[in-house]
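>
There are 2 protein chains.
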Amino acid sequence: MSASETRQQIVEVADRLFYERGFEATSFADIAKQVGLSRGNFYYHFKTKDEILGAVIAQRRANTIALLEGWESDAASPAGRILSFVHMLIANRTRIMAHGCPVGTLCNELAKLDHAAGSQAAALFSVFREWLARQFAALGHAADADALALHLLMRSQGVAALATAFRDESFIRREVADMECWLKAQCRAASGRSRRSA
Amino acid sequence: MSASETRQQIVEVADRLFYERGFEATSFADIAKQVGLSRGNFYYHFKTKDEILGAVIAQRRANTIALLEGWESDAASPAGRILSFVHMLIANRTRIMAHGCPVGTLCNELAKLDHAAGSQAAALFSVFREWLARQFAALGHAADADALALHLLMRSQGVAALATAFRDESFIRREVADMECWLKAQCRAASGRSRRSA
DNA sequence: GTCTATATGGGGATAGAC
DNA sequence: GTCTATCCCCATATAGAC
Numbered sequence: 157m158s159a160s161e162t163r164q165q166i167v168e169v170a171d172r173l174f175y176e177r178g179f180e181a182t183s184f185a186d187i188a189k190q191v192g193l194s195r196g197n198f199y200y201h202f203k204t205k206d207e208i209l210g211a212v213i214a215q216r217r218a219n220t221i222a223l224l225e226g227w228e229s230d231a232a233s234p235a236g237r238i239l240s241f242v243h244m245l246i247a248n249r250t251r252i253m254a255h256g257c258p259v260g261t262l263c264n265e266l267a268k269l270d271h272a273a274g275s276q277a278a279a280l281f282s283v284f285r286e287w288l289a290r291q292f293a294a295l296g297h298a299a300d301a302d303a304l305a306l307h308l309l310m311r312s313q314g315v316a317a318l319a320t321a322f323r324d325e326s327f328i329r330r331e332v333a334d335m336e337c338w339l340k341a342q343c344r345a346a347s348g349r350s351r352r353s354a
Numbered sequence: 157m158s159a160s161e162t163r164q165q166i167v168e169v170a171d172r173l174f175y176e177r178g179f180e181a182t183s184f185a186d187i188a189k190q191v192g193l194s195r196g197n198f199y200y201h202f203k204t205k206d207e208i209l210g211a212v213i214a215q216r217r218a219n220t221i222a223l224l225e226g227w228e229s230d231a232a233s234p235a236g237r238i239l240s241f242v243h244m245l246i247a248n249r250t251r252i253m254a255h256g257c258p259v260g261t262l263c264n265e266l267a268k269l270d271h272a273a274g275s276q277a278a279a280l281f282s283v284f285r286e287w288l289a290r291q292f293a294a295l296g297h298a299a300d301a302d303a304l305a306l307h308l309l310m311r312s313q314g315v316a317a318l319a320t321a322f323r324d325e326s327f328i329r330r331e332v333a334d335m336e337c338w339l340k341a342q343c344r345a346a347s348g349r350s351r352r353s354a
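Residue numbers (my numbering), protein chains in the order written: chain A, 157 to 354; chain B, 157 to 354.
See the structure below:
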């Protein structure tokens, strides 16, 4: 197998294990075993654990950007795009109830470890934040687009955290429905304002 | 020093370190050092790390119940009591921005470790949940008291998660203000309903 | 590019002297 | 109740043969 293919496999397995078990709890041996590699050979591809973490975060960032671009082309309206974000909670509910939000839990873990990559992990949130802010701006909320983006991110994080603790799928669905209501209210507020100013 | 005093000191130090650094990342040596105990002597008080975790969770549970009882006597109205809960985010903002919510981050970590104590940690959420539900019921929201309690818990978790990632105090204050608005709306909805049914 | 063998450090946990 | 000394395991990381 070529080096780049092996490297890619390592990153994919590490990505999954860091999510399912956490960064610290995942050992080189765990990753090497699932890739089908000896521990020794592992170091040919990655010198340190932090290097793998950096590659995993970079891949998550690229995947996130691709995901958002997909939503951008799938949905015509800003509101429809924001709904795609909200419905991610339902689409990924099983994994969320088992392991939480991949971004939120990684940020929390790295914050506690005082790890240098903490800011790069937090930047994954920024990718969502800026994309959501653009959608809210397009919706007519130019002035408070960032605050609305953060508010929705906040809700998704809260839902993920409690869904993990209580393993309650109906809670997720109820809160998603509440976010849909909230979003509709934001749409009305924006169109109401534009009518008044017209 | 008496055994019970030493034990209590161990639990307090472990509680703090589990919060600040995480459960797995905290070693016996870390705790022993801060208590001023040798590693060997440590095992006189606690046989396993899980035993310490159990004691820490039990203490957190007792502290939480005491906290809620304090709010119960401090504030006369259910709305005032709920506000005490909401304002906890501001009172603890510095620690939250550094290490997240003690309950949420512990639940997340234990979920990933597939640790047996995960359900006991989640029960800490239940203490808040049931207390909040009682306040909402007293407010006149008997039918959806639990859903409202979960909704507020969800928000506090979301705020804690993003506050840790972005270290943004103004975000916390803005979302707390939004929760106050939401709470007022719930009060109006309850009193409006009771007037109509009268 | 992959392997085995190994160095080194730290973790949890125990035994037994004081 | 506290200590030192020690065991064992597993972690990251390296060296060098193939």
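The C-beta atom is built at its ideal place from N, Cα and C for all residues, glycine as well. Computed from a predicted structure; not experimentally measured.
Can at least three beta-carbon pairs, one atom from the segment 225 to 236 of chain A and one from the segment 306 to 319 of chain A, be found at a separation below 8 Å?
The segment 225 to 236 of chain A is not in contact with the segment 306 to 319 of chain A.
> Which residues in chain A have a C-beta closer than 8 Å to the C-beta of Gln313/B? List them in chain order.
By 1-based counting over the second sequence, the position of residue 313/B is 157. Those are Gln313, Gly314, Ala317, Leu318, listed as they occur along chain A.
> Have a look at Pro258/A and Ser158/B and give me their C-alpha separation to the nearest angstrom.
In the first sequence, the residue the question calls residue 258/A occupies position 102. In the second sequence, the residue the question calls residue 158/B occupies position 2. In this structure, the straight-line span from the alpha carbon of Pro258/A to that of Ser158/B is close to 45 Å.
> What alpha helix (DSSP H) runs, 4 residues minimum, are completely inside the segment 203 to 255 of chain B?
205 to 230, 234 to 247, 249 to 255
> Should Leu359/A be flagged as near chain B, meaning a C-beta pair shorter than 9 Å?
Lying outside 157 to 354, the shown extent of chain A, residue 359/A is not represented and no answer is given.
> Since Ala267/B and His271/A should fall inside the 8 Å C-beta cutoff, what is the C-beta to C-beta distance between them, to a whole number of angstroms?
Position 111 of the second sequence, counted from the start, is the residue given in the question as residue 267/B. Position 115 of the first sequence, counted from the start, is the residue given in the question as residue 271/A. That belief does not hold up - the Cβ atoms of Ala267/B and His271/A are roughly 20 Å apart, past 8 Å.
> Taking CB distances under 9 Å as the criterion, tell me whether Phe202/B reaches chain A.
Translated into the one-based positions of the second sequence, residue 202/B becomes position 46. No, because no Cβ of chain A sits closer than 9 Å to the Cβ of Phe202/B.
> Since His394/B meets chain A, which of its residues come closer than 9 Å, beta carbon to beta carbon?
Residue 394/B lies beyond the residue range present for chain B, which begins at 157 and ends at 354; the question has no answer from this structure.
> Please confirm if Leu209/A has its CB atom under 9 Å from at least one CB of chain B.
For this step, residue 209/A is matched to residue 53 along the first sequence. No - not a single Cβ of chain B is within 9 Å of the one on Leu209/A.
> Below 7 Å CB to CB, which residues in the same chain sit around Ala273/A once its five sequence neighbours on both sides are set aside?
On the first sequence, residue 273/A is found 117 positions in, with the first residue counted as 1. Taking C-beta separations shorter than 7 Å and ignoring five residues to either side along the sequence, the partners of Ala273/A in its chain run Asp206, Leu209, Gly210, Ile213, Leu266, following chain order.
> Pop quiz: Gln342/B and Leu295/B are said to be a contact at Cβ under 8 Å. What is the actual Cβ separation, rounded to whole angstroms?
Position 186 of the second sequence, counted from the first residue, corresponds to residue 342/B. Position 139 of the second sequence, counted from the first residue, corresponds to residue 295/B. In this structure Gln342/B is in contact with Leu295/B, their Cβ atoms being roughly 7 Å apart against a cut-off of 8 Å.
> State yes or no: is the beta carbon of Ala321/A nearer than 9 Å to at least one beta carbon in chain B?
For the purposes of this step, residue 321/A is identified with residue 165 of the first sequence, where counting begins at 1. It does: the Cβ of Ala321/A has a partner Cβ on chain B nearer than 9 Å.
> Nearest-angstrom Cα distance between Phe424/A and Thr220/A?
A query on residue 424/A cannot be resolved here, the shown segment of chain A reaching from 157 to 354 and no further.
> What are the boundary residues of the alpha helix (DSSP H) that includes Ser194/A?
Your numbering for residue 194/A matches position 38 in the first sequence. Careful: Ser194/A lies outside any alpha helix (DSSP H) and carries neither H nor E.
> Going by other Cβ atoms of all chains shown within 10 Å of its Cβ, with 16 needed for buried, is Arg216/B buried or exposed?
Counting from one through the second sequence, the residue named residue 216/B turns up at place 60. Buried, since its Cβ has 16 or more Cβ neighbours within 10 Å.
> Report buried or exposed for Glu180/B, applying the criterion of at least 16 other Cβ atoms within 10 angstroms of its Cβ.
By 1-based counting over the second sequence, the position of residue 180/B is 24. The residue in question, Glu180/B, is buried, as its Cβ has 16 or more Cβ neighbours within 10 Å.
> Got a sec: which bits of the segment 172 to 196 of chain B sit with their beta carbon under 9 Å from any beta carbon on chain A, in order along the chain?
Tyr175, Glu176, Arg177, Gly178, Glu180, Ala181
> Identify which residue in Val315/A, Gln291/A, Leu280/A has its Cα closest to the Cα of Leu304/A.
The residue labelled residue 304/A in the question sits at position 148 within the first sequence. The candidate whose alpha carbon is nearest that of Leu304/A is Gln291/A.
> So with CB distances below 9 Å, who are the chain A contacts of Glu286/B?
The count along the second sequence starts at 1 and reaches residue 286/B at position 130. Neighbours of Glu286/B on chain A: none; closest Cβ ~12 Å, over 9 Å.
> Counting only beta-carbon separations shorter than 9 Å, does Met310/B have a partner in chain A?
Walking along the second sequence from the start, residue 310/B turns up at place 154. So yes, Met310/B belongs to the interface.
> So, using beta-carbon positions, are Asp171/B and Arg177/B closer together than 9 Å?
For the purposes of this step, residue 171/B is taken as the residue at position 15 of the second sequence. For the purposes of this step, residue 177/B is taken as the residue at position 21 of the second sequence. With respect to Arg177/B, Asp171/B sits apart: the two C-beta atoms are not nearer than 9 Å.
> Indicate the three-state DSSP secondary structure (helix, strand or coil) for Leu295/A in the structure shown.
Counting from one through the first sequence, the residue named residue 295/A turns up at place 139. If DSSP states are grouped into helix, strand and coil, Leu295/A belongs with coil.
> Could you check the C-alpha separation between Ala222/B and Ile238/B for me, to the nearest Å?
Indexing the second sequence from 1 puts residue 222/B at position 66. Indexing the second sequence from 1 puts residue 238/B at position 82. Whole-angstrom Cα-Cα distance: 15 Å.
> Provide the residue span of the alpha helix (DSSP H) that contains Arg341/A, from first to last.
Start at 1 with the first residue of the first sequence, and residue 341/A comes out as number 185. Contrary to the premise, residue 341/A reads as Ala rather than Arg in this sequence. Here the alpha helix (DSSP H) through Ala341/A covers 325 to 353.
> Check whether the Cβ atoms of Leu245/B and Ala319/B lie closer than 9 Å to each other.
The sequence position of residue 245/B within the second sequence is 89, counting from 1. The sequence position of residue 319/B within the second sequence is 163, counting from 1. For Leu245/B and Ala319/B, yes; Cβs fall inside 9 Å.
> Taking the continuous alpha helix (DSSP H) assigned at Phe174/B, which residues delimit it?
One-based indexing of the second sequence puts residue 174/B at position 18. From DSSP, the alpha helix (DSSP H) with Phe174/B extends over 159 to 177.
> Does Phe198/B have its Cβ less than 9 Å from a Cβ in chain A?
Here residue 198/B corresponds to residue number 42 of the second sequence, with the count starting at 1. Not an interface residue.
> Is Ala317/A near Ala317/B, with beta carbons less than 9 Å apart?
In the first sequence, residue 317/A corresponds to position 161, counting from 1. In the second sequence, residue 317/B corresponds to position 161, counting from 1. Yes. Within cutoff.
> Should Asp206/B be flagged as near chain A, meaning a C-beta pair shorter than 9 Å?
The residue given as residue 206/B occupies position 50 in the second sequence. So no, Asp206/B is outside the interface.
> If you drop the 5 nearest sequence neighbours on each side, which residues of the same chain put their C-beta closer than 8 Å to that of Leu269/B?
Position 113 of the second sequence, counted from the first residue, corresponds to residue 269/B. Exclusion of the five residues before and after Leu269/B leaves Phe179, Glu180 as the residues of its chain whose Cβ lies within less than 8 Å of its Cβ.
> Can you find a C-beta in chain B that's less than 9 Å from the C-beta of Thr250/A?
As a working mapping, residue 250/A is identified with position 94 in the first sequence. No - not a single Cβ of chain B is within 9 Å of the one on Thr250/A.
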